[in-house]
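Below: the structure, in structure tokens.
There are 2 protein chains.
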Amino acid sequence: MRREGLPVREAAQPIGGSITEALAEMAREHGIWLLGGTFAEEIPDDERVFNTSLLLDPKGEIAACYRKIHLFDVDLSASGGGVFRESDTFRPGDAVAVAETPFGAIGMSVCYDLRFPELYREMAQRDASFLCVPSAFAPETGRDHWEILLRARAIENQAFVVAPAQCGRHSPDRASYGRSLVIDPWGLILAQAVDKPCAVVVDCDLGELERVRSSLPALTHRRL
Amino acid sequence: MRREGLPVREAAQPIGGSITEALAEMAREHGIWLLGGTFAEEIPDDERVFNTSLLLDPKGEIAACYRKIHLFDVDLSASGGGVFRESDTFRPGDAVAVAETPFGAIGMSVCYDLRFPELYREMAQRDASFLCVPSAFAPETGRDHWEILLRARAIENQAFVVAPAQCGRHSPDRASYGRSLVIDPWGLILAQAVDKPCAVVVDCDLGELERVRSSLPALTHRRL
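From first to last, the protein sequence lines are chains A and B.
1 is the number of the first residue of the first sequence in my numbering; add one for each residue after it.
225 is the number of the first residue of the second sequence in my numbering; add one for each residue after it.
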């Protein structure tokens with residue numbers, strides 16, 4: 001979350017700053033659990049920033065904080081895409097975040113994290129019912145990897161996957177794949193966003209999660 | 225590999241038995257690397273058997289042996305499928321198998337193993353260029369999980385996935401999903417089998433594997 005074009009470092013602010021306040025106000029106003037991902041979190045004595053998500057409870061209190069662990073240092077120019085060096089600007093987090101809520105535990109991740117199945121295995125180990133992946137995938141990787149990896153995370157961890165995604169062209173040199181998805185624990189798509197900003201509302205039946213896990217108890221069959 | 229209907233224990237034989245000999249003869253005759261998966265391997269002093277794959281080199285020598293690690297103890301009756309209790313009959317293996325060949329390392333796995341991403345991460349760690357998954361998926365899980373999980377394993381480990389699969393109805397109470405697939409390291413399907421026994425021949429360009437790994441070096445970005 002920052003004004004398009006504003007350099008990341010100039011947009012950085014601490015937890016408790018204006019972005020936190022705005023998220024807390026929205027959570028309170030609507031009486032909802034709200035996952036805001038992500039904003040540039042300033043770090044004292046470091047030129048870099050964290051790429052940070054916050055989970056707010058219905059009172060507007062911070063229930064959990066996740067700092068993106070895997071940084072996107074990737075060169076997509078051969079397939080017509082951009083060159084990305086997140087590690088020039090960002091410092092990686094190092095803590096897996098799974099937050100308890102009254103409707104089940106929520107595992108927090110961001111975008112490029114999706115390529116690392118071991119992160120979601122750790123969330124499943126901590127009994128996450130929801131795996132959240134707010135993202136801005138590149139168009140080149142989104143087309144071929146976005147849906148497949150999200151559905152695989154749902155299937156192998158038998159959890160709901162909630163993946164809101166930026167869409168459209170943000171500036172002359174930056175566009176995002178979009179196609180936000182909500183996926184059930186069997187891997188079926190419950191909802192997909194259209195290619196413009198929109199709200200998607202989905203009922204997630206926690207009974208379905210129990211049915212999948214009891215008929216195919218793969219999470220109890222791990223051996224490595 | 226056994227005659228349909230023959231109980232698994234009666235079909236069991238040691239490594240070096242008639243199935244090994246038949247595979248070795250085929251490998252020698254055609255001058256090929258041949259992965260034969262799977263047969264029931266007898267275990268001295270155990271009622272159970274291993275579910276074993278062998279990799280034969282062009283001289284007919286055994287290059288590698290893999291004993292299925294994850295056993296399928298699953299009840300699909302709610303979705304119209306069968307009830308499976310592999311652990312009644314099979315003893316699980318406990319060793320990851322990655323075999324060196326002149327064209328790259330081959331990671332060996334079988335069927336239900338596909339649901340466990342940590343197995344393939346270990347193969348990638350050992351520099352596998354090919355992930356092999358000979359399978360007989362159930363129709364109910366094949367429809368929803370087979371292609372997605374195979375493509376995810378290719379994408380996240382940036383390796384070729386080679387997944388031959390039994391197809392058709394084997395007996396009144398057993399059918400398999402089929403749809404053998406070969407997938408490239410970007411996750412694209414290079415070939416898919418039709419719904420009857422057939423041979424699929426595919427060129428796997430190892431240069432493509434290098435291109436994917438150098439433009440998107442996710443395997444070097446692991447942090448957990």
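Where a beta carbon is used, it is the ideal one built from N, C-alpha and C, also for glycine.
Quick caveat, the model's predicted, so the values are computed rather than measured.
Where residue i falls, given that 16 or more other Cβ within 10 Å makes a residue buried
i, result
"H369 (chain B)", "buried"
"C335 (chain B)", "buried"
"R332 (chain B)", "Rather than Arg, the amino acid found at residue 332 (chain B) in this sequence is Met. Flag for M332 (chain B) reads buried."
"S18 (chain A)", "exposed"
"S395 (chain B)", "exposed"
"E285 (chain B)", "exposed"
"S311 (chain B)", "exposed"
"M225 (chain B)", "exposed"
"P197 (chain A)", "exposed"
"E253 (chain B)", "exposed"
"T20 (chain A)", "buried"
"P238 (chain B)", "exposed"
Reduced DSSP category for residue i - H, G, I as helix; E, B as strand; rest coil
i, result
"T101 (chain A)", "coil"
"A78 (chain A)", "helix"
"E271 (chain B)", "coil"
"S18 (chain A)", "helix"
"H394 (chain B)", "strand"
"S353 (chain B)", "strand"
"M225 (chain B)", "coil"
"E265 (chain B)", "strand"
"D297 (chain B)", "strand"
"A11 (chain A)", "helix"
"G142 (chain A)", "helix"
"V212 (chain A)", "helix"
"I256 (chain B)", "coil"
"V159 (chain A)", "Note that residue 159 (chain A) is Ala in the sequence shown, not Val. Correct three-state label for A159 (chain A): coil."
"L56 (chain A)", "strand"
"C335 (chain B)", "helix"
"A193 (chain A)", "coil"
"R67 (chain A)", "strand"
"R375 (chain B)", "helix"
Straight-line Cα distance separating residue j from residue i
i, j, result
"P102 (chain A)", "R91 (chain A)", "32 Å"
"V182 (chain A)", "I189 (chain A)", "6 Å"
"A246 (chain B)", "P282 (chain B)", "13 Å"
"L149 (chain A)", "D269 (chain B)", "43 Å"
"A251 (chain B)", "T262 (chain B)", "16 Å"
"C128 (chain A)", "E118 (chain A)", "Going by the sequence as given, residue 128 (chain A) is Ala instead of Cys. One C-alpha to the other measures close to 14 Å."
"R126 (chain A)", "A302 (chain B)", "27 Å"
"P388 (chain B)", "N157 (chain A)", "24 Å"
"L6 (chain A)", "R85 (chain A)", "17 Å"
"A319 (chain B)", "R291 (chain B)", "7 Å"
"R3 (chain A)", "G142 (chain A)", "23 Å"
"D427 (chain B)", "G402 (chain B)", "21 Å"
"D195 (chain A)", "G168 (chain A)", "7 Å"
"M347 (chain B)", "D205 (chain A)", "36 Å"
"F296 (chain B)", "F72 (chain A)", "37 Å"
"E147 (chain A)", "A191 (chain A)", "12 Å"
"E234 (chain B)", "T313 (chain B)", "11 Å"
"A378 (chain B)", "E25 (chain A)", "43 Å"
"T444 (chain B)", "V74 (chain A)", "11 Å"
For residue j and residue i, believed in contact at Cβ under 8 Å, the rounded distance
i, j, result
"W410 (chain B)", "V386 (chain B)", "15 Å between Cβ atoms; not a contact."
"A138 (chain A)", "Q166 (chain A)", "Actually they do not touch by this definition, with Cβ atoms about 11 Å apart."
"G104 (chain A)", "I69 (chain A)", "At roughly 22 Å, the Cβ-Cβ gap does not stay under 8 Å, so G104 (chain A) and I69 (chain A) are not in contact."
"N275 (chain B)", "A287 (chain B)", "About 19 Å separates the two Cβ atoms, so there is no contact after all."
Within 8 Å, strictly: CB atoms of residue i and residue j
i, j, result
"C289 (chain B)", "I330 (chain B)", "no"
"A218 (chain A)", "R375 (chain B)", "no"
"G255 (chain B)", "L280 (chain B)", "no"
"A159 (chain A)", "F130 (chain A)", "yes"
"A236 (chain B)", "E266 (chain B)", "yes"
"V322 (chain B)", "V273 (chain B)", "no"
"D408 (chain B)", "E434 (chain B)", "no"
"L76 (chain A)", "E140 (chain A)", "yes"
"S215 (chain A)", "V200 (chain A)", "no"
"D397 (chain B)", "G306 (chain B)", "yes"
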